[in-house]
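First comes the structure, then the notes that go with it.
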Amino acid sequence: MDTTQRTDQQRSADRRRRELLEAADRVVLRDGPQASMNAIAAEAGITKPILYRHFGDKGGLYAALAKRHTDALLDSLRAAVDAPADRRERVEATLDTYLTAIELRPQVYRFLMHPAEGSQQGEQGFDVGVHSAPLLRRMGEELAQVIEERLDLGPGGQQLARVWGHGIVGMMHAAGDWWLGERPCSRAELVRSLADLLWGRLAAAGDRVGGPGF
């Protein structure tokens with residue numbers, strides 16, 4: 000098999016994988032954590048064994064969907080951080096971007112963060128911690144990198160940036176999960192309250208010399 004043929008086959012496989020993930024997305028948007036492999040296969044117009052061939056099992060499909068949505072969310076969060084505004088406005092925009100994402104697609108959020116709610120007889124459910132913790136860990140590391148490259152935190156700055164990155168993500172996730180379930184206040188009110196909580200030392204930290212600023 001020559002290189003051109005291998006490349007064409009890879010492109011075809013990648014395209015088919017995207018099509019299957021888009022079908023899975025449609026089912027998740029409709030069914031949330033109750034989305035089943037049978038329903039996804041039917042939506043894609045294939046049999047379940049073919050779906051397994053592409054993703055291995057529901058866990059493999061979940062991981063692929065999680066990466067797809069986490070990539071998109073991180074791109075949106077980076078855009079909020081890079082927006083031309085003062086630091087407080089960008090902090091609020093970053094918080095609002097996350098909360099807007101889970102508000103607009105609550106079924107996707109519940110599928111990713113509370114998949115065990117949808118366990119069906121005959122299909123293996125998820126251990127929520129095993130599957131959702133890596134998503135939060137990745138977001139924490141990404142935010143830590145943003146903080147470290149933009150703020151001068153003095154000695155021990157790298158460790159402090161990681162503490163802040165994971166702490167902020169944990170706060171956003173916990174507060175957002177509670178807010179999405181109970182809706183005790185508006186999204187804008189929650190954003191302001193969380194920004195107030197963060198604002199202490201973050202407001203006082205200087206920008207890193209030569210960095211992109213925060």
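Start counting the sequence shown at 0; every next residue gets the next number (numbering that gives the first Met the number 0). Ideal Cβ positions, reconstructed from N, Cα and C, are used throughout, including at glycine.
How long is the line joining the alpha carbons of G156 and L28, rounded to whole angstroms?
Roughly 41 angstroms separates the two Cα atoms.
Identify every run of the alpha helix (DSSP H) within the stretch 7-62, keeping only runs that are complete inside it and at least 4 residues long; order them along the chain.
With a minimum length of 4 residues, the continuous alpha helix (DSSP H) runs that stay inside the stretch 7-62 are 36-43 and 47-54.
Could you please give the first and the last residue of the uninterrupted alpha helix (DSSP H) stretch that includes R215?
The question about residue 215 has no answer, for the chain in this structure spans 0 to 213.
Is L150 helix, strand or coil when you go by DSSP?
Of the three classes helix, strand and coil, the one that applies to L150 here is strand, per DSSP.
Could you say which of G175, L50 and E181 lies nearest to V190 if we only look at CA atoms?
Of G175, L50 and E181, the residue nearest in Cα terms is G175.
Helix, strand or coil for G205 per DSSP?
G205 carries a strand assignment under DSSP once its states are collapsed to helix, strand and coil.
Which value, in whole angstroms, describes the spacing of the CA atoms of I167 and G139?
The straight-line gap separating the alpha-carbon atoms of I167 and G139 is approximately 8 angstroms.
Three-state secondary structure (DSSP) at G210?
Looking at G210 - three-state DSSP - the assignment turns out to be coil, as it is neither helix nor strand.
Measure the C-alpha to C-alpha separation of L159 and I146 and round it to an integer number of angstroms.
So the alpha carbons of these two residues sit roughly 9 angstroms apart.
When you compare only the Cα positions, how much space is there between A78 and R136?
Cα to Cα, the separation comes out at about 20 angstroms.
Assuming L72 contacts A100 (C-beta within less than 8 angstroms), just tell me the rounded distance between them.
That belief holds up - the Cβ atoms of L72 and A100 are roughly 5 angstroms apart, short of 8 angstroms.
CB of A43 within 8 angstroms of CB of A12, strictly
At least 8 angstroms separates the beta-carbon of A43 from that of A12.
Do P183 and H113 have their C-beta atoms closer together than 8 angstroms?
P183 places its beta carbon 8 angstroms or farther from that of H113.
Assuming L76 and T96 are in contact, meaning their beta carbons sit under 8 angstroms apart, how far apart are those beta carbons, in whole angstroms?
Confirmed, about 6 angstroms.
Using a C-beta cutoff of 8 angstroms, does L73 count as contacting chain B?
No chain B appears in this structure, which consists of one protein chain only.
Kindly indicate which three-state DSSP category P83 falls into: helix, strand or coil?
Shown here, P83 sits in coil according to DSSP, grouped into three states, outside any helix or strand.
Member of R207, A187 and G210 whose CA lies at the smallest distance from the CA of E88
Selected option, being the one with the closest Cα: A187.
If you run the structure through DSSP and keep just helix, strand and coil, what is R161?
R161 falls in the helix class under three-state DSSP.
Are the CB atoms of L150 and M170 within a distance shorter than 8 angstroms?
With a cutoff of 8 angstroms on beta-carbon distance, M170 and L150 are scored as not near each other.
Just verifying my parser: in three-state terms, what is the DSSP assignment at R182?
The answer is coil: DSSP assigns R182 none of H, G, I, E or B.
Determine the burial state of I39: buried for a count of at least 16 other Cβ atoms within 10 Å of its Cβ, exposed for fewer.
It counts as buried.
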